[in-house]
């Protein structure tokens, strides 16, 4: 029994770094886009995505996106930036695709339509710069 546990632990120790490297390589394969957004637009997107229902298989993608966007807002708050000030958000194409998918599932009020369109348009404009 102890040998089996030791073998399992050894195998786990060996395979975790390899899995981590594969995961990092997969993340590096996606090009980076840099949309110019206001802090208010980033906050709007996070609020909208926070209200949607997620499938269990989407949790990692959501947490990853939140992990990219939330620190930008935290830093802006520490630096006392205003919501209408612009910044550049760095997302890989897969993250941007997930943002669009999550936001498209959100329920908007009519007054929020312009904010939604501006955010999505900024992502598309940034993605088009990759084609040039």
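In my numbering, the protein residues as written are 245 to 376. Every residue, glycine too, gets a C-beta built ideally from N, C-alpha and C.
* For residue 282, does the count of other Cβ atoms within 10 angstroms reach 16, so buried, or fall short, so exposed? -> Looking at its Cβ environment, which holds 16 or more other Cβ atoms inside 10 Å, residue 282 is buried.
* Could you pull out every residue in the same chain whose Cβ sits closer than 8 Å to the Cβ of residue 317, ignoring the five residues on either side in sequence? => Listed in chain order, the non-local C-beta contacts of residue 317 below 8 Å within the same chain comprise 283, 286, 287, 290, local neighbours out to five positions each way being set aside.
* Tell me, to the nearest whole angstrom, how far the beta carbon of residue 343 is from that of residue 309; I am working on the premise that it is less than 8 Å. => Right, their Cβ atoms sit about 6 Å apart.
* **Beta-carbon proximity list for residue 271, same chain, < 6 Å, skipping 5 on both sides** => Its pLDDT being 49, under 50, residue 271 is placed unreliably in this model, and the value from its coordinates should be taken loosely. Here the set comprises nothing.
* Bounding residues of the alpha helix (DSSP H) (the contiguous stretch that carries residue 330) -> No alpha helix (DSSP H) holds residue 330; the beta strand (DSSP E) holding it covers 330-332.
* Based on the DSSP output, what are the partners of residue 277 in its beta bridges? -> According to DSSP, residue 277 bridges with 335.
* With residue 324 as the anchor, note down where its alpha helix (DSSP H) starts and where it stops. => Counting along the chain, no alpha helix (DSSP H) covers residue 324, and no H or E run does either.
* To do: Please determine if the segment 357-367 and the segment 293-307 are in contact, where contact requires at least 3 C-beta pairs separated by less than 8 Å.
  => No, the segment 357-367 does not touch the segment 293-307.
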